[in-house]
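Heads up: the sequence shown begins at -5 in the numbering used here, then just goes up one per residue. In what follows, a structure is listed as structure tokens, so that the remarks can point back to it.
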Amino acid sequence: MKYSWLFVCGLAGFLGSSCATELYGGPRKPDSELVYIKTDGTKIVAIDGRLIHGASGTFVVLPGIHGVAALLNDTQYGYVTSRKYSLEPITLCFKGYAGHAYFVRPRYDGRLWKPEVMEAKTTELIPVRRIFGRSRDCQLPPPEAENDQ
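Laid out in structure tokens, this is it:
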């Protein structure tokens, strides 16, 4: 009997595991050795220069410095539904640590937005370096004070 991908992911999510797109080579590793990158109001279009097409909202990479290119894709529901989106990605360079999960989400200043990275458990904002467009140039460590908190 064949099951649809959506059904399998839904069942896996219900049982406590997750459907995530693995972006590293080699055998499956335990969660404690991996970095999870999730979307919240954004759409990830590339990670480390690798284009993402139609993949899930959760991505798994190895620890280290990563470049995540994101577009604004934020739908807000209420009395009136509004959708905010962007056409050009912004790449965020940040260091991901093993066993951690991070949300890439928008931060608004009036009508302007910029993406930020938040650690999922602590909700702490992570230092990032922003590059307009898709970029692979994230080998330098991100600065510690660019988050503008």
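Glycine is no exception: its CB is placed at the ideal position from the N, C-alpha and C atoms. This one's a predicted model, so the numbers in the text were calculated from it and none came from an experiment.
Taking contact to mean 3 or more Cβ pairs, one atom from each stretch, closer than 8 Å, check whether the region 77 to 87 and the region 117 to 128 are in contact. Judged by Cβ distances under 8 Å, the region 77 to 87 makes contact with the region 117 to 128, as three or more pairs qualify.
contact_flag[the region 52 to 59, the region 114 to 123] where n(CB pairs < 8 Å) is 3 or more: The region 52 to 59, when compared against the region 114 to 123, does not touch it at the 8 Å Cβ threshold.
Around the Cβ of lysine 115, are there at least 16 other Cβ atoms within 10 angstroms (buried) or fewer (exposed)? Residue environment: lysine 115 is assigned as exposed (fewer than 16 neighbouring CB atoms within 10 Å of its CB, all protein chains considered).
Mapping the DSSP letters down to three states, classify aspartate 42 as helix, strand or coil. Taken through DSSP and simplified to helix, strand or coil, aspartate 42 comes out as coil.
Just mark glycine 61 as buried or exposed, buried being the case when its beta carbon has 16 or more other beta carbons within 10 Å. By the neighbour-count criterion, in which a residue is buried when 16 or more other Cβ atoms sit within 10 angstroms of its Cβ, glycine 61 is buried.
Just checking my contact of aspartate 68 with proline 100 at CB under 8 Å: how many whole Å lie between their CB atoms? Yes, they are in contact, since the Cβ atoms of aspartate 68 and proline 100 sit about 5 Å apart, within 8 Å.
DSSP puts glycine 127 in a beta bridge; with which residues? Note: glycine 127 is bridge-paired with Ile84 in the DSSP secondary-structure output.
Short check: CB of lysine 32 to CB of tyrosine 71, under 9 Å? Not in contact: lysine 32 and tyrosine 71 (Cβ atoms no closer than 9 Å).
Span of the beta strand (DSSP E), counted from its first residue to its last, around lysine 108: Residue range 106 to 113 is occupied by the beta strand (DSSP E) that includes lysine 108.
Mind checking glycine 19: buried by the 16 CB within 10 Å criterion, or exposed? Label assigned to glycine 19: exposed.
Comparing alpha-carbon positions, which option in Cys13, Leu65, Ile41 lies nearest aspartate 34? Out of Cys13, Leu65, Ile41, Leu65 has the C-alpha closest to the C-alpha of aspartate 34.
Should alanine 63 and valine 39 be called a contact, given that it needs their Cβ atoms to be closer than 9 Å? In contact: alanine 63 and valine 39 (Cβ atoms closer than 9 Å).
Residues of its chain near alanine 14, where Cβ-Cβ distance is below 7 Å and the 5 sequence neighbours each way are ignored: Only Tyr30, Ser50, Thr52, Phe53, Val54 meet the Cβ criterion.
Helix, strand or coil at aspartate 34 [DSSP, three-state]: It is coil, neither helix nor strand.
Do cysteine 132 and isoleucine 59 have their C-beta atoms closer together than 9 Å? Between cysteine 132 and isoleucine 59, the C-beta gap is smaller than 9 Å, which places the two residues in contact.
Could you check whether glycine 90 and aspartate 25 sit closer than 9 Å to each other, using their CB atoms as the reference points? Taking the C-beta atoms as reference points, glycine 90 is found no nearer than 9 Å to aspartate 25.
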